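Residue 0 is where the sequence shown starts when you use numbering that gives the first Met the number 0, and the numbers rise one by one after that. One structure is given here, and the rest of the page talks about it.
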Amino acid sequence: MANPSNQQNLRVAADWWVRLRDAKASEQTTEQWLAWIDEDDAHLDAFERVTGLAAQMGSLDELSHATLMAEFAPAVVSRRWWPLGAAAAAVLLVAAGMLGWSMLAPSSEPRLYTSAIGAQRDVTLEDGSRMALGGATRLTARFSRTHREVDLAEGEAYFEVVHNASRPFVVHAGRLRIEDIGTAFDVRRTGDRVTISMAEGRVRIVDSASDLGRSLEAVAGQAVSYDPSHPALRMSTTDPAQAAAWRYARLEFDNEPLSVVVANINRYRPHPVRIADAGLQSMTFTGTVKTDAIDDWLQALPQVLPLTVSEVGGQTVLSDTRGNHGNH
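Here it is in structure tokens:
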């Protein structure tokens, strides 16, 4: 006998799938969808089922898409799909059909995704790929029939990409172009500085502004850093499990300028930290900062670096105790 609850969940999930892809969808729509997802694990399961079907439909060419649609529609009354209920299956067809149509269109409008200070946000894209946005992150996604493009304006995001060689998935971060080759990876952008940490698979990283067209490939266990003040991409080793440690309230820094450390901490702290003296900007720091214990880290910082921490006008100010006598 059909499960009415499952039928209803699938109907609602398919409706959400369609609403979230409306160009006029608002932040309130996303918040309402997240609230529905949080109500019951079965809601997420239903939505992932709809997304999986839509991703399958979207990856096909026009002929295969039409063929699968023709095969799927009669299956609504088959024994295999009958438990879904005719209404639920019909809505699924509408959702899949909409995605197929959008893939055949020459381009789509860009979608802006943002997160608040100290917040995280998970997004499932129309191709089934997933993005996790760290605090105070802003990026734009644009999908067309032949390309999937994401532009990271600021912050940090972790990508789990559904690989499709005929529709490359590319992340732009400043001067860098990061091309997926079947991958899960993290990208952090601080101004023009970019760090890519690999969790799975492989990416190709291109310095698009380089006259020499510098590029390299990185695999799981490697990290690549770009500093505009140096001509070369720098590669290092990293723990794949730590590629997106921020998702577990840990910010990891490896010999990075204090200016970069502070900029990233400010994405998780409502009251910003400010560096008062230029001499501190390039002083380097290696270590972990817990996003739920930033104040504790600040209190301990003078034991590690020659600076003082004070509160001035609602800001936490870091001052150089050495005057202007160079870097640590």
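Glycine included, every Cβ here is placed at the ideal spot set by N, Cα and C. Remember, it's a predicted structure, so these values are computed and weren't measured experimentally.
Residue 318 and residue 276 - do their beta-carbons sit closer together than 8 Å? yes
Output the distance between the C-alpha atoms of residue 157 and residue 306, rounded to the nearest integer angstrom. 33 Å
Mind checking whether residue 193 and residue 216 have CB atoms under 8 Å apart? no
Any idea what DSSP makes of residue 233, helix, strand or coil? strand
Distance check for residue 134 and residue 237, CA to CA, integer angstroms please. 22 Å
Residue 230 to residue 199 span [Cα, whole Å]: 27 Å
What's the call for residue 103, buried or exposed, on a 16-neighbour Cβ count within 10 Å? With a pLDDT of only 41 at residue 103, under the threshold of 50, the placement of this residue in the model should not be trusted, and no figure is reported.
Taking the C-alpha atoms as reference points, what is the distance between residue 98 and residue 178? Unreliable placement is indicated for residue 98, whose pLDDT of 47 sits below 50; the coordinate value is still reported in the next sentence. Near 23 Å, if we compare the C-alpha coordinates of residue 178 and residue 98.
Please report the distance separating the alpha-carbon of residue 75 from that of residue 14. The predicted model places residue 75 with a pLDDT of 39, which falls under 50 and marks its position as unreliable; any figure quoted below should be read in that light. If you take the alpha carbons of residue 75 and residue 14, they lie about 18 Å apart.
Kindly indicate which residue of 172, 191, 165, 187 has the alpha-carbon position closest to the one of residue 180. 165
Would a C-beta distance cut-off of 8 Å place residue 256 and residue 197 closer than the cut-off? no
Have a look at 126, 136, 138, 207 and flag the residue whose alpha-carbon is nearest the alpha-carbon of residue 145. 126
If you scan the stretch 138-179 from start to end, which runs of the beta strand (DSSP E) of 3 or more residues do you find wholly inside it? 147-159, 168-172
Which residue's Cα is closest to the Cα of residue 173: 206, 185, 302, 36? 206
Does the distance from the CB of residue 222 to the CB of residue 235 come in under 8 Å? yes
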